[in-house]
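Structure first, commentary second.
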Amino acid sequence: MPEVETPREEPGLVQQQVLEHLSSLSREVNLDYERSMNKINFDQIVSSKPDTFSYVTLPEKEEEKVPRQGLVSVPEYPFREQKEDFTFVSLLTRPEVITALSKVRAECNKVTAMSLFHSNLSKYSRLEEFEQIQSQTFSQVQMFLKDSWISTLKVAMRSSLRDMSKGWYNLYETNWEVYLMSKLRKLMELLKYMLQDTLRFLVQDSLASFSQFISDACCGVLDCPDDMVWGEDLINSPYRPRKNPLFIVDLVLDSSGVHYSTPLEHFETSLLNLFDKGILATHAVPQLEKLVMEDIFISGDPLLESVGLHEPLVEELRTVIANAVRKAMIPLQAYAREYQKYLELNNNDIATFLKAYQTHCPSSSEVREVVLTHLQEKEILDSSLPSSIIIGPFYINADNVKQSLSKKHKALATCMLDILAKHLHKEVDNICEEFRSISRKIYEKPNSIEELAELREWMKAIPEKLVGLEERIVKVMDDYQVMDEFLYNLSTEDFNDKWAASNWPSKILGQIEMVRQQHIEDEEKFHKIQIMDQNNFQEKLEGLQLVVAGFSTHVEIVRAHEIANEARRVKKQLKDCQQLAMLYNNRERIFGLPITNYDKLSRMVKEFQPYLDLWTTASDWLRWSESWMNDPLSAIDAEQLEKNVIESFKTMHKCVKQFKDIPACQDVALDIRARIEEFKPYIPLIQGLRNPGMRNRHWEVLSNEININVRPKANLTFARCLEMNLQDHIESISKVAEVAGKEYSIEQVGGHQEAHLAPGPRRRTLLGPTPGALDKMEKEWSAILFNVLPYKETDTYILKSPDEASQLLDDHIVMTQSMSFSPYKKPFEQRINSWESKLKLTQEVLEEWLNCQRAWLYLEPIFSSEDINRQLPVESKRYQTMERIWRKIMKNAYENREFDHARFHSLAWAMQVINVCSDQRLLDSLRDCNKLLDMVQKGLSEYLETKRGAFPRFYFLSDDELLEILSQTKDPTAVQPHLRKCFENIAQLQFQEDLEITHMYSAEGEEVQLSFSIYPSSNVEDWLREVERSMKASVRDIIERAIKAYPTMPRTQWVLKWPGQVTIAGCQTYWTMEVAEALGASNLSNQLFPQLARQLSDLVALVRGKLSRMQRAVLSALIVIEVHAKDVVSKLIRENIVSVNDFEWISQLR
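Residue numbers for the sequence shown follow UniProt numbering, beginning at 1 and rising by one.
Here it is as structure tokens:
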């Protein structure tokens, strides 16, 4: 065994070291004395004031016992042998080792003074900020331990032992076995345990401090029961922390209920996560041995041991934190539950609350009651809800909720007044319109005595109307008093109309007096005209009497047409005279004159009527009989013929009786009646021959029955039929015609219009069978074609909208169905059923085809984007399946087209609709396509709703605009055209070459640099949300800097340095402050007003100088605001306002 080396030092050096050690011991004694005295004083103060220092717990004192003997017996001790043994095993025999251990202990003491957590926060913060602060703290400690601390220890060891090249402490030893036997190995083990002990102390002390930190914040809530109810006092909190609250949360009311901006369950998770991360931060510190012994190979990277995650002490502290946080949640949740009664007010919009009042306007008393209710509720709410409250470790910001609810009550009250104002304005408009109508009627110029009398009669009722209107005006004015009570600001139009209505009654009375004199003059003029007209009328009656008497001399039937025309002319004159007689009698009543008797006119009309009936009937009969006998049979309307014969016979029979005293006229009546009686038996024959259902088969049956070859010809007349003696077979003809008519009822659904248009079509119906309704429908479809057009660059085609085909389908389906219900359909039944099925199939195919095309045109540009296909893989696959079917359908349609010569100029290719669409397989394919399209559109809508939920400002964009952005996610600048809709007046963002977003620009070109730049690397909704956050922070920051800079520079420089809105906001802020200070100092007129005048003059001078367009716009707006501010101060001076609490000043702060 090697000999123990004893330290050998120079005498001077030893003396110096002794002095240094004595000085160190002296300092240690003094420090221990100071600490002891401080501890005694501290314990005494805390013990004397337990209430003040309730959060301080003093350690229990151990009672010191006085020894019984003053001396201790010391047994004999083998000091020399023990010294030699100690020297052999001790590491403290060399000053280099002692120095090294002192340096290591000093570094360890530095670590023990550290903390893994920041436990002295003076201000509350968001949970995210709290996590960031704590993470930074233990990350810095971790970096110090792994880098600086270990490096310092390594340097200390190597510098202290570097000169001990041989012996027990050889740093340059290369033999592992020798190293294991050396004291250096023991020294390294000792150091390892020292470092591990230091780490354990650091972790345990930090965890205890962190646990105490959380417990102190939660101390007031630890006794809260799980089912606690907060109570009605929402302003004061009995649950205060010992020091400061840790976290700030916002109280939120929305459609999901009452909750906090940060979910409460996140706090426990976050704190425990920080707790564990703090422990793990000390688990990666390397051991010193490998770093110091550089010449020996040591495998791996051995680490120092630290406190484990599941040690009993750690588990105990973790449980303390978890219980404290859980207890802190109980009053927080109870407090939130108290706000549930405000959910309905918060979540429903104003329109919902006022829905009942929108349909019928309430009375002014109801409005007053509702407005008072809302204003009272607002006052109660303002006084009962806090802006903030501290509950345990939480600082709750309730100001947003309070302001929102307060504004909602205020808005409801204002909207109720708006409804009343709108109703009153409408009522005032109605009143004024009635007055205007009365005024227009008063000034109407009468054109006859009747109009004058009617106008006078109407004017008599005006005073009564005015009473009713004045009552309405009084009621409206009373209702306006309600609005004045609440200081409602009427529009200029409402104000003018309100007072115009009250002025109308006196205005109308003045107009009546002016018009009455004019009416007297008009009456005299109409009287003179009446006398002249009646004289002329008497002369006209005498002439007509002579004309009527002369009709008894007309007896020649050959002049029947001439006499009939004369009779009609006389009839018109008599009718005109009757109307004039009534008119003149009525005017005589109006003038108050005796009524003239015109009885002779009535007798004249009665005497003339038989002559009129005789000659008009005779003339008509002669003309009809000639036409029926000689015109083509196809031109005769059998129904009208029968009606004319019956009416003519009745008239002639009456005339025979009336002319018994005038034989000549009676003979004419007898002659015509005899001719009518002679013709009457032929009516059934004509009706049978003119039946529109007669076809070739019917004519053959008829010919066989009567043994006469009867065929319809163009020149066949009724006279010719009589020559053929067809009148002898009336019964057979009627029977065949009846059958033909019933069969024709089926065909007339489509051919009715053709058979009644003109004599030409009638002739074809009779003389040769026309195509039936089915043939006509098929012929119409031959002209209905599809146009197939290439669509853009898609290599496929689309149909031009077939509106004509859709309309025709509806008409033909109705026609076909009506034909299928006829009992005489049997000859056509199979054809009708087949045609109906074809039409219905065509209708279904056409509808599915157009629906499919409409959806495809919408989705095709969307799914042409790779970004959309990547984000919607399932919908993209369905769309591609559908598009393959669609392209195949359109390709077949295009290949089967024919050139449309009718549209040659447009080079259109077309297909007959009825042939293409009557295909069941085509219908099945189109239905499959539409099902796939429905699923694709549903998935697309859900995807867009997800994006809008992530970034709510996307709700300002239409689906197409949002899809345009999402389809270009690789190009962030694609959002530029849509920024105006997402953000108010934000025209564009500035993208750098690396796409970093650094500035925002208004529509006027004003530039604001963002307080922190954004890199659009994630989803568009995520980085736009960051942009929004940066915008808010930037505006807040620039306003804050502008307000701070205002007193530091000349005002004329300041207004040009900042953006327009910031400039106006800053000026208004300082104006408000200056007015309040001036009111308090009572120098409003002699100091502030001249100052405002000077500031305004400075701005005017500045705007006259050389400025940019943007600066000039800002100054123009600012001058308007400044002029108003100066006027307000002037008004305050005029009204002697001396306090900031006066209403005139408070009203300016709204």
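Just so it is clear, CB atoms sit at the ideal spot from N, CA and C, and this is done for glycine as well. Quick caveat: nothing in here was measured; it's all calculated off a predicted structure.
Counterpart residues of residue i in DSSP-defined beta bridges
i, result
"E1007", "Y1001"
"S125", "F247"
"H259", "V252"
"Y488", "For Y488, which the question treats as bridged, DSSP gives no partner whatsoever."
"L264", "Answer is none; L264 lacks a bridge partner."
"Y797", "P790"
"P302", "Paired residue(s): none; P302 is not in a bridge."
"T717", "P632"
"P286", "L303"
Cβ neighbours of residue i in the same chain (closer than 6 Å, five flanking residues each side left out)
i, result
"H310", "none"
"P771", "The predicted model places P771 with a pLDDT of 38, which falls under 50 and marks its position as unreliable; any figure quoted below should be read in that light. Cβ within range, chain order: n/a, list empty."
"Q142", "A281"
"D1142", "none"
"E305", "Q196"
"L809", "Q843"
CB of residue i within 9 Å of CB of residue j, strictly
i, j, result
"C665", "L614", "yes"
"L345", "G257", "no"
"T717", "L641", "no"
"A100", "L161", "yes"
"L274", "F117", "yes"
"A324", "I214", "yes"
"A1081", "V1140", "no"
"I449", "I595", "no"
"V467", "M416", "no"
"R185", "L171", "no"
"F954", "C982", "yes"
"L799", "L850", "yes"
"L1092", "E1122", "yes"
"I431", "I512", "no"
"L872", "G939", "yes"
Contacts around residue i, its chain only, beta-carbon distance under 7 Å, and the 5 residues preceding and following it disregarded
i, result
"P790", "Y797"
"L452", "P446, H519, D522, E523 and F526"
"P245", "Y124, A217, I390, P393, F394 and Y395"
"V701", "V736"
"G1005", "M1110"
"V229", "A334"
"V1128", "Q1148"
Cutoff 8 Å; reference residue i; Cβ partners in own chain excluding five residues on either side
i, result
"V555", "A664, C665, D667 and V668"
"T794", "E860"
"Q817", "E836"
"residue 1154", "With the chain covering only 1 through 1150, there is no way to say anything about residue 1154."
"Q545", "K600 and M604"
Cβ-Cβ separation, residue j to residue i (assumed contact under 8 Å), whole Å
i, j, result
"L153", "V111", "Not quite, the Cβ-Cβ distance comes to about 10 Å (not below 8 Å), so this is no contact."
"L1115", "L1096", "Going by Cβ atoms, the distance from L1115 to L1096 rounds to 11 Å, so no, they are not a contact pair."
"N30", "D250", "That pair is no contact at about 54 Å."
"F247", "F130", "6 Å"
"P972", "F956", "Not really, about 19 Å apart at Cβ, beyond 8 Å."
"S918", "K838", "5 Å"
"Q926", "E848", "One point to set straight first is that residue 926 is Leu, not Gln, in the sequence displayed. L926 to E848, Cβ: 4 Å. Contact."
"P802", "L846", "7 Å"
"K378", "S404", "Actually they do not touch by this definition, with Cβ atoms about 12 Å apart."
"R242", "Y488", "At roughly 52 Å, the Cβ-Cβ gap does not stay under 8 Å, so R242 and Y488 are not in contact."
Any non-hydrogen atom of the ligand GDP closer than 8 Å to residue i Cβ
i, result
"L145", "The model on display carries no ligand, and the ligand GDP is accordingly not part of it."
- Task: Within the stretch 380-444, note down every full alpha helix (DSSP H) run reaching 4 residues or more, in order along the chain.
- Result: 399-442
- Query: Taking the runs of the alpha helix (DSSP H) that are 4 residues or longer, which of them lie wholly in the stretch 973-1060?
  - Reply: For the stretch 973-1060, whole alpha helix (DSSP H) runs of length 4 or above, ordered along the chain, are 979-982, 1020-1045 and 1051-1057.
- Could you tell me which uninterrupted beta strand (DSSP E) segments, each at least 3 residues in length, are contained entirely in the stretch 457-539, listed from first to last along the chain? For the stretch 457-539, not one full-length beta strand (DSSP E) segment reaches 3 residues or more.
- Enumerate, from N- to C-terminal direction, the unbroken alpha helix (DSSP H) stretches of 4 or more residues contained entirely within the stretch 912-965. When DSSP assignments are scanned along the stretch 912-965, the uninterrupted stretches of alpha helix (DSSP H) that are 4 or more residues long and fall wholly within it turn out to be 913-917 and 920-950.
- Query: Which residue spans inside the stretch 145-185 form an unbroken alpha helix (DSSP H) run of at least 4?
  - Reply: 150-161 and 176-181
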